[in-house]
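Single-structure report; data block below.
Residue numbers (our numbering): 1 to 406.
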């Protein structure tokens with residue numbers, strides 16, 4: 001009976017359906033890697049970070065991906081890579097390929113920059129706003145229309161090829177001063193802490209990215225030391241036929257060559273949270289070939305200090321407003337996103353390390369809303385007044401309404 005069961009398992013393996021490979025995504029990733037390799041050869045480039053996932057500072061659950069972040073000796077460049085073919089244009093700030101919307105806007109890149117700037121300031125790194133630049137790099141075989149241009153007047157660029165990208169990076173630096181040694185070291189540490197996405201790879205070359213969340217204890221332990229778990233049946237076809245499969249995992253270390261081997265339960269579930277689809281994907285160990293651990297942990301930014309602030313901590317705490325009340329004026333509140341979908345539209349401001357405030361569309365003038373990308377772009381700072389503040393007990397957070405101060 002055991003041999004028959006083993007035979008059926010072997011035959012089923014040959015017919016098993018796996019997730020469909022996304023060859024367009026694979027080609028896009030290869031294009032990004034090629035750009036990274038080219039940028040690492042530039043003289044003023046300190047380090048290049050691929051597919052960095054930037055947490056939201058409050059909860060750490062919402063993550064914005066940056067295709068490439070380039071740390072240079074005097075500035076930081078966030079790059080969105082598009083490996084498109086055909087005609088590339090922009091219609092109402094949305095990128096189009098051959099007349100079809102691709103759903104990408106410069107606001108997504110600006111939001112990633114805003115999160116980075118917010119986190120860097122929170123951990124003690126004081127850098128000027130203008131040392132962070134953004135770039136849309138169209139590196140495929142495409143014709144880029146003149147309509148493809150950033151909203152910002154300075155510090156944001158469009159490159160029509162990898163050579164053009166390199167040219168911009170090597171010529172647009174005359175107004176920047178070099179980072180001092182301590183700041184540069186802190187920036188390297190911060191960028192390395194973001195890490196990249198976890199992934200599951202399948203026998204047919206399909207690869208799904210996200211956050212590995214189960215088996216919880218094993219994943220948490222493995223990711224600290226290891227970058228990959230390579231999964232295989234340790235028995236040959238005939239050994240499996242007589243004795244059944246025996247699955248093992250080879251743990252590849254982040255540093256060194258000391259590979260560890262662990263026994264796996266082939267029927268145990270591996271769960272990947274897909275942040276793009278907002279769903280959990282569940283597979284068995286026997287259905288995967290490689291688990292990749294993109295980061296060692298999700299940092300709690302409230303416990304991270306990379307540079308000591310020039311101000312005493314007690315004085316710094318006095319500037320935090322934990323419970324904003326009606327009538328409070330918050331100076332230089334930063335725009336973190338625009339709400340443009342559905343009935344609830346408005347502009348979200350970061351008030352302090354714990355609280356956000358919303359300037360709802362129905363409280364704005366028509367001129368303000370229609371020109372929000374120019375008047376209140378993402379990552380810009382404005383003085384705002386709290387118009388309403390109440391504590392939501394069910395969600396354990398403040399719901400705050402604001403308006404801009406003229």
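Each residue gets a CB set at the ideal place from its N, CA and C atoms; glycine is no exception.
Under three-state DSSP, which class holds residue 97? Counted from its first residue, the chain shown places residue 97 at position 97. Strand.
According to DSSP, residues forming a beta bridge with residue 143: Residue numbering aside, residue 143 sits at position 143 when the chain shown is read from its first letter. Residue pairing by DSSP places residue 143 opposite 87 in a beta bridge.
Could you round the C-beta distance between residue 178 and residue 73 to whole angstroms and report it? I think they count as a contact, below 8 Å. Residue 178 sits at position 178 when you count from the first residue of the chain shown. Residue 73 sits at position 73 when you count from the first residue of the chain shown. The pair is a contact, with the Cβ atoms about 5 Å apart (cut-off 8 Å).
Can you tell me where the alpha helix (DSSP H) with residue 407 in it begins and where it stops? Because the chain in this structure spans residues 1 to 406, residue 407 falls outside the shown range and cannot be described.
With 16 other CB atoms within 10 Å as the buried threshold, where does residue 249 fall? The sequence position of residue 249 within the chain shown is 249, counting from 1. Residue 249 comes out buried.
Mapping DSSP to helix, strand and coil, what is residue 399? Here residue 399 refers to the residue found at position 399 of the chain shown. Residue state, collapsed to three classes: strand.
Contacts around residue 369, its chain only, beta-carbon distance under 7 Å, and the 5 residues preceding and following it disregarded: Your numbering for residue 369 matches position 369 in the chain shown. Around residue 369: 361.
By how many angstroms is the C-alpha of residue 388 removed from the C-alpha of residue 363? In the chain shown, the residue the question calls residue 363 occupies position 363. In the chain shown, the residue the question calls residue 388 occupies position 388. Their Cα atoms are separated by approximately 12 Å.
Residue nearest to residue 398 in terms of C-alpha spacing, selected from 55, 100 and 356: Here residue 398 is taken as the residue at index 398 of the chain shown, counted from 1. Residue 356 is the option with its Cα nearest to residue 398.
May I ask you to report which of helix, strand or coil DSSP gives residue 124? In the chain shown, residue 124 corresponds to position 124, counting from 1. Coil, per DSSP.
Could you pull the start and end residues of the alpha helix (DSSP H) that residue 366 belongs to? Numbered from 1 along the chain shown, position 366 holds the residue referred to as residue 366. Run containing residue 366: 366-370, per the alpha helix (DSSP H) assignment.
Count the other C-beta atoms from every protein chain shown that fall within 10 angstroms of the C-beta of residue 324, then say buried if there are 16 or more, exposed otherwise. Along the chain shown, read from residue 1 onward, the residue named residue 324 stands at position 324. By the neighbour-count criterion, in which 16 or more other beta carbons inside 10 Å mark a residue as buried, residue 324 falls on the buried side.
In this structure, how does DSSP classify residue 224 when only helix, strand and coil are distinguished? Locating residue 224 in the chain shown gives position 224, counting from the first residue. Helix at residue 224.
Kindly indicate which residue of 87, 222 and 197 has the alpha-carbon position closest to the one of residue 50. Indexing the chain shown from 1 puts residue 50 at position 50. For residue 50, the nearest C-alpha among the options comes from 197.
Status (buried if at least 16 other CB within 10 Å, exposed otherwise) for residue 333: Counting from 1 along the chain shown, the entry for residue 333 is found at position 333. By the 16-neighbour rule on beta-carbons within 10 angstroms, residue 333 is buried.
Please name the residue in 146, 116, 114 and 68 whose C-alpha comes closest to that of residue 419. The displayed coordinates of the chain run from 1 to 406. Any statement about residue 419 would go beyond what the structure contains.
Report the residue from 385, 84 and 286 whose alpha carbon sits nearest the alpha carbon of residue 246. For the purposes of this step, residue 246 is taken as residue 246 along the chain shown, with counting starting at 1. Closest by alpha carbon: 286.
Identify every run of the beta strand (DSSP E) within the region 274-345, keeping only runs that are complete inside it and at least 3 residues long; order them along the chain. As far as the region 274-345 is concerned, its whole beta strand (DSSP E) runs of at least 3 residues are 279-284, 290-292 and 329-339.
Return the CA-CA distance between residue 404 and residue 382, expressed in angstroms with no decimal places. Numbered from 1 along the chain shown, position 404 holds the residue referred to as residue 404. Numbered from 1 along the chain shown, position 382 holds the residue referred to as residue 382. When rounded, the distance between both Cα atoms is 7 Å.
Note the first and the last residue of the continuous beta strand (DSSP E) segment covering residue 205. As a first step, residue 205 must be located in the chain shown, where it is residue number 205. That residue, residue 205, is in no beta strand (DSSP E); it is neither H nor E in DSSP.
Residues near residue 243 by beta carbon distance below 8 Å, same chain, minus five either side: Position 243 of the chain shown, counting from 1, holds the residue named residue 243. Within the same chain, residue 243 has close Cβ partners 6 and 235.
DSSP three-state call for residue 170: helix, strand or coil? As a first step, residue 170 is located in the chain shown; it is residue number 170 there, counting from the start. Correct three-state label for residue 170: helix.
On a CA-only basis, which of 185, 75 and 16 is nearest residue 193? Give me that one, please. Counting from 1 along the chain shown, the entry for residue 193 is found at position 193. Of 185, 75 and 16, the residue nearest in Cα terms is 185.
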